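Below is one structure; the comments refer to it alone.
Residue numbers (our numbering): 345 to 490.
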């Protein structure tokens, strides 16, 4: 009997092909999970900008606007004509904002001023990356509903 050492060519090819299949499956799964969490993160960032606009209006006692530009995929907080913060969702997070562009005016009492808003009924914003999306509704008085 001969004592052979190492692997045969068939065994080595089998191990390599199994490893390749596992890598492809895990890469696709990781990409899907990343897209899902990115869409959710987009919604959460918008919620924090909304909260900041509301807090600025209450603290300063003046109207603060939350401007959503779906064409540029950006959201801006503006008080007294000064841009306090702008987030470019497509550039910074790779997220597409879908829905109507709108302006939400937060008054000093923490509610939206309906005659200043650019909408009068419920508006839906959807944050999309890849095949995943997460969205929320904006009510005329400024409340957010997931």
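A virtual CB, placed ideally from N, CA and C, is assigned to each residue, including glycine. What you are looking at is a predicted structure, and each value in this text was computed from that prediction instead of being measured.
Local Cβ density within 10 Å of residue i, reported as buried at 16 or more and exposed below that
i	result
residue 353	exposed
residue 360	exposed
residue 398	buried
residue 420	buried
residue 469	buried
residue 386	buried
Residues bridged to residue i (per DSSP)
i	result
residue 341	This structure does not reach residue 341, given that the chain is present from 345 up to 490, and the question cannot be answered.
residue 456	450
residue 381	In DSSP, residue 381 forms no bridge with anything.
Length of the line joining the Cα atoms of residue i and residue j
i	j	result
residue 373	residue 466	35 Å
residue 443	residue 401	25 Å
residue 447	residue 377	32 Å
residue 370	residue 350	29 Å
residue 390	residue 366	36 Å
residue 388	residue 357	46 Å
residue 437	residue 412	16 Å
residue 452	residue 483	18 Å
residue 474	residue 379	6 Å
residue 375	residue 424	42 Å
Close beta carbons around residue i, own chain, < 7 Å, minus the five adjacent residues each side
i	result
residue 434	417 and 440
residue 456	448, 449, 450, 484, 485 and 486
Within-8 Å CB hit, residue i to chain D
i	result
residue 450	Reference to chain D is not applicable here, since this structure consists of a single protein chain.
Beta-carbon separation (whole angstroms), residue i vs residue j, contact threshold 8 Å
i	j	result
residue 395	residue 471	So it is not a contact: roughly 16 Å between Cβ atoms.
Other residues of its chain near residue i: CB distance less than 6 Å, five sequence neighbours each side excluded
i	result
residue 462	446 and 447
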